[in-house]
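Engineer: Okay, here's the structure, questions in a sec.
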Amino acid sequence: SLMAGRYDVSTQRESLHERFEQADDSPDQRPAFRAELREAMRMRPAEHYFPLLGATAAFRWKDEKPMPWLQLTLERAPVNGRAHALLAQVLASKGARAQALFELRLAVEHEPGLAEKTAPLATTLARNYDELLTAVPAGQPGAMVLNMMARELGKPAQADLRRQVDLEAVTRDPEMVEPRTRLLFGLFEEMESVVAGRGPGPSCPSAEVCSAEIERHAAAIDKARPNAATGSMMRARGLIAQGHRAEAEALLVDGCTRLESRSDCLHLRAENLAELNDVPKLEAVLKELMSSNCMTAASCAAAATFVGHLRTKRNEPHAAASAYMRAAQEEATEERWLLAADASERAKMYAQAIEALSHLSTMRNGTDTAVNARISRLRAEAAAEQMRRF
5 SLMAGRYDVS TQRESLHERF EQADDSPDQR PAFRAELREA MRMRPAEHYF PLLGATAAFR
65 WKDEKPMPWL QLTLERAPVN GRAHALLAQV LASKGARAQA LFELRLAVEH EPGLAEKTAP
125 LATTLARNYD ELLTAVPAGQ PGAMVLNMMA RELGKPAQAD LRRQVDLEAV TRDPEMVEPR
185 TRLLFGLFEE MESVVAGRGP GPSCPSAEVC SAEIERHAAA IDKARPNAAT GSMMRARGLI
245 AQGHRAEAEA LLVDGCTRLE SRSDCLHLRA ENLAELNDVP KLEAVLKELM SSNCMTAASC
305 AAAATFVGHL RTKRNEPHAA ASAYMRAAQE EATEERWLLA ADASERAKMY AQAIEALSHL
365 STMRNGTDTA VNARISRLRA EAAAEQMRRF
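The opening position of the sequence shown corresponds to residue 5 in the working numbering, with each subsequent residue numbered one higher.
Below you can see the structure in the form of structure tokens.
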């Protein structure tokens with residue numbers, strides 16, 4: 005058994021948690037774990053962690069009632085956020101939605117870092133905006149919780165609720181950028197709908213109102229992040245939504261000089277220049293994009309993949325093949341080697357396609373018969389192409 009004299013509290017906690025994890029995987033170890041847990045509680049009656057571990061086991065294993073354990077925990081530590089979060093789960097499992105939402109609020113009030121864990125349950129339990137607010141702490145501390153909740157509200161049917169949550173988040177904390185960004189992307193969609201004559205949206209009765217809202221959020225982002233390109237990007241996206249791509253390019257020229265979010269800005273500028281078909285500027289921006297992103301293999305591979313996609317969309321097969329090949333060489337994945345092989349074959353760059361497929365075959369331990377057959381076919385096509393040249 006665990007003796008108080010042999011272990012300090014932190015060591016005893018770690019030991020019991022390890023025993024819990026073992027018992028979680030092996031049910032036959034659960035009686036011994038519980039005996040050890042009760043012995044620890046007898047030796048340290050004021051310690052709150054042990055009954056919380058007991059409550060967690062009871063709730064997960066469904067072989068005991070978790071409430072007595074939770075009562076013991078909260079008697080010892082009334083402001084323990086994790087205990088309130090677990091109590092919320094227990095109450096939710098019994099259909100007590102209102103009480104569960106209130107417990108989720110207490111959990112994040114006592115331990116703000118739990119917001120990421122409480123938000124999914126809150127959005128599942130709440131039937132409307134008012135109910136959702138009962139799980140949110142008052143004032144500015146609740147802004148982070150609202151932001152986490154909005155992340156969970158990703159379904160099209162939840163768009164109006166997500167907009168309400170994001171508006172409340174930025175009202176409470178005007179410097180929060182993530183909820184403003186979601187609101188802005190909603191505004192861009194509404195602007196496109198207005199411009200196309202499909203009708204107004206909830207925040208966008210006209211292009212003028214929509215433009216003013218976009219500017220309001222972009223200005224707030226500039227204030228929160230003065231060294232970032234984000235505000236300029238948002239204004240540019242608003243112009244693009246209206247079809248004003250040349251004006252957007254003029255904004256991005258300056259915006260993309262800012263250090264923070266520069267890579268994202270260059271991506272947007274490249275996409276916009278591709279639509280404008282301004283080839284000299286596009287080539288310069290793509291070169292700058294690769295140069296600024298190739299400080300690490302991962303970011304370089306991601307940038308090269310983006311360039312490959314853009315080149316493919318522009319029907320530039322040779323340039324696309326080169327970009328995908330660079331991406332796979334920087335950070336090899338099966339998907340990147342396959343993209344490189346497909347683009348190279350379209351460009352009739354058979355040797356490069358065979359090289360990419362050979363790497364793919366190696367990653368699959370040489371057992372992929374379809375890949376091996378494709379290599380054989382491309383070797384035959386390469387030979388035939390060589391013969392045609394003579």
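Ideal Cβ positions, reconstructed from N, Cα and C, are used throughout, including at glycine.
Quick check on the burial criterion: 16 or more other C-beta atoms within 10 angstroms. Buried or exposed for residue 312?
Structural biologist: With 16 or more other Cβ atoms within 10 Å, it is buried.
Engineer: Suppose contacts are defined by Cβ-Cβ distances below 8 Å. Is residue 414 in contact with residue 168 by that definition?
Structural biologist: Here the chain covers residues 5 to 394 and nothing more, so residue 414 does not appear.
Engineer: Enumerated in chain order, which unbroken segments of the alpha helix (DSSP H) with a length of 4 residues or greater are wholly contained in the stretch 87–132?
Structural biologist: 101–114 and 119–129
Engineer: Alpha carbon to alpha carbon, how far is residue 331 from residue 321?
Structural biologist: 15 Å
Engineer: Identify every run of the alpha helix (DSSP H) within the stretch 10–78, keeping only runs that are complete inside it and at least 4 residues long; order them along the chain.
Structural biologist: 13–29, 34–47 and 53–65
Engineer: Going by DSSP, what residue range makes up the alpha helix (DSSP H) through residue 285?
Structural biologist: Element bounds for residue 285: 283–297.
Engineer: Exposed or buried, which one is residue 363 when buried takes at least 16 other CB atoms within 10 Å?
Structural biologist: buried
Engineer: Contact criterion: CB-CB distance below 8 Å. Does residue 313 meet it with respect to chain C?
Structural biologist: In summary, chain C is missing from the structure at hand, where a single protein chain is found.
Engineer: Between 337, 174 and 253, which lies nearest to residue 223 when the distance is taken from Cα to Cα?
Structural biologist: 174
Engineer: Could you check how far apart the C-beta atoms of residue 283 and residue 273 are, in whole angstroms? I think they sit under 8 Å.
Structural biologist: 14 Å between Cβ atoms; not a contact.
Engineer: Quick check on residue 170: buried or exposed, where buried means 16 or more other Cβ atoms within 10 Å of its Cβ?
Structural biologist: buried
Engineer: Going by DSSP, which residues form a beta bridge with residue 232?
Structural biologist: 264
Engineer: So, using beta-carbon positions, are residue 249 and residue 281 closer together than 8 Å?
Structural biologist: no
Engineer: Check whether the Cβ atoms of residue 41 and residue 59 lie closer than 8 Å to each other.
Structural biologist: no
Engineer: If I follow the unbroken alpha helix (DSSP H) through residue 255, where does it start and stop?
Structural biologist: Boundaries of the alpha helix (DSSP H) harbouring residue 255: 249–259, taken from the DSSP string.
Engineer: Determine, using beta-carbon pairs with one atom in the stretch 255–268 and one in the stretch 231–240, whether at least three such pairs fall under 8 Å.
Structural biologist: yes
Engineer: Considering just the uninterrupted stretch of the alpha helix (DSSP H) at residue 165, what are its terminal residues?
Structural biologist: 163–176
Engineer: What is the residue span of the alpha helix (DSSP H) that residue 200 lies within?
Structural biologist: Per DSSP, residue 200 belongs to no alpha helix (DSSP H) and is neither H nor E.
Engineer: How about the stretch 208–217 and the stretch 172–186: do they share at least three Cβ pairs that are nearer than 8 Å?
Structural biologist: no
Engineer: Buried or exposed: which applies to residue 181, given that a residue is buried once 16 or more other Cβ atoms fall within 10 Å of its Cβ?
Structural biologist: buried
Engineer: Count the other CB atoms within 10 Å of the CB of residue 120; is the residue buried (16 or more) or exposed (fewer)?
Structural biologist: exposed
Engineer: Any heavy atom of the ligand GTP closer than 7 Å to the CB of residue 115?
Structural biologist: The ligand GTP is absent from the structure shown, which contains no ligands of any kind.
Engineer: Quick check: residue 148 and residue 116, are their CB atoms within less than 8 Å of each other?
Structural biologist: yes
Engineer: At the level of alpha carbons, what is the spacing between residue 352 and residue 307?
Structural biologist: Approximately 24 Å between the Cα atoms of the pair.
Engineer: Does residue 13 pass the burial test, meaning 16 or more other C-beta atoms within 10 Å, or should it be called exposed?
Structural biologist: exposed
Engineer: Buried or exposed for residue 393, please, with buried defined as at least 16 other CB atoms from any protein chain shown within 10 angstroms of its CB.
Structural biologist: exposed
Engineer: With distances taken between CB atoms, is the gap from residue 126 to residue 108 smaller than 8 Å?
Structural biologist: yes
Engineer: Does the stretch 378–388 touch the stretch 344–358, meaning 3 or more C-beta pairs lie closer than 8 Å?
Structural biologist: yes
Engineer: Would a C-beta distance cut-off of 8 Å place residue 92 and residue 62 closer than the cut-off?
Structural biologist: no
Engineer: Rounded C-beta distance between residue 114 and residue 88? I'm assuming under 8 Å.
Structural biologist: Cβ atoms of residue 114 and residue 88 come within 8 Å of each other, at about 6 Å.
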